Amino acid sequence: MGIEKYGFSQNWVKIGLIDLNEFPEQEKKFLSNSDNSYEHFRYELLESYLYNKSSFSDNEIHILLDLLQFEQDITMSQTFTFQLYKSTKVTLVQKELIGTQLSKLSEWGNKIVEREKITSSLKNMTEVNQEFFSKSVEFYIKYKDKVVIEFLIKYCNDQDQLKELLKLGLSKKLRNQLELILNSNKSSL
Numbered sequence: 022m023g024i025e026k027y028g029f030s031q032n033w034v035k036i037g038l039i040d041l042n043e044f045p046e047q048e049k050k051f052l053s054n055s056d057n058s059y060e061h062f063r064y065e066l067l068e069s070y071l072y073n074k075s076s077f078s079d080n081e082i083h084i085l086l087d088l089l090q091f092e093q094d095i096t097m098s099q100t101f102t103f104q105l106y107k108s109t110k111v112t113l114v115q116k117e118l119i120g121t122q123l124s125k126l127s128e129w130g131n132k133i134v135e136r137e138k139i140t141s142s143l144k145n146m147t148e149v150n151q152e153f154f155s156k157s158v159e160f161y162i163k164y165k166d167k168v169v170i171e172f173l174i175k176y177c178n179d180q181d182q183l184k185e186l187l188k189l190g191l192s193k194k195l196r197n198q199l200e201l202i203l204n205s206n207k208s209s210l
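In my numbering, the protein residues as written are 22 to 210.
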């Protein structure tokens, strides 16, 4: 068969990432390419698959996650799992499953999933309660991830919480943004 030589398993065939009838042509094209990285070959097929799908069955997601879990190139696995996680072509249940897998791959994956949960929640809140605010600040302290702070600045209306953000040693840009908001709120009182 020859697909194993490139790091493919039968799962690639099972969900249609590889068509055994078309594979000799794909292999020929790959071998004529100046980039002979097997990882890039697999990644291109994954990207093409994601691009051409309008939605995924739960079975396809399970198979994809299984093959990504055993992918030799961890960076490629993380990158594609992240693309799948951010895709609008997956259901919320599938996204949760993908997020769990992404969290297991690395600390980076865990950070991405945690950030997504925080920012999604902030978008849907009418008021940021203190418990959620504290959780968001803890996330920032742990990862130094400014995205969560940007969302807090955008969605938080509590003056005391906004003032608390100033104590975090933020970048000059974020500090200036916060001070502008706090000063404009003072003048509107």
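Glycine is no exception: its CB is placed at the ideal position from the N, C-alpha and C atoms. Given the structure is predicted, the values throughout are model-derived calculations rather than measurements.
As for any alpha helix (DSSP H) of minimum length 4 sitting wholly inside the segment 79-105, the runs are 79-90, ordered along the chain. Distance from Leu-85 to Ser-108 at the Cβ level is roughly 11 Å; contact not present, criterion being Cβ atoms closer than 8 Å.
Taking all protein chains shown into account, Leu-183 has 16 or more neighbouring C-beta atoms within 10 Å of its C-beta and is therefore buried. Counting C-beta pairs closer than 8 Å gives fewer than three between the segment 193-201 and the segment 148-164, which falls short of the contact rule.
Inter-residue distance for Ser-58 and Gln-93 is about 12 Å (C-alpha atoms, whole angstroms). Following the DSSP letters along the chain, one finds Leu-173 inside the alpha helix (DSSP H) bounded by residues 167-176. Distance check between Ile-82 and each of Asp-181, Gln-104, Leu-41 places Gln-104 closest, using alpha-carbon atoms only. Rounded to the nearest whole angstrom, the CA to CA distance from Lys-50 to Val-111 is 30 Å. At least 8 Å separates the beta-carbon of Phe-29 from that of Ile-36. Exclusion of the five residues before and after Glu-117 leaves no residue of its chain whose Cβ lies closer than 8 Å to its Cβ.
At a Cβ-Cβ threshold of 8 Å, Leu-126 and Gln-151 do not count as neighbours.
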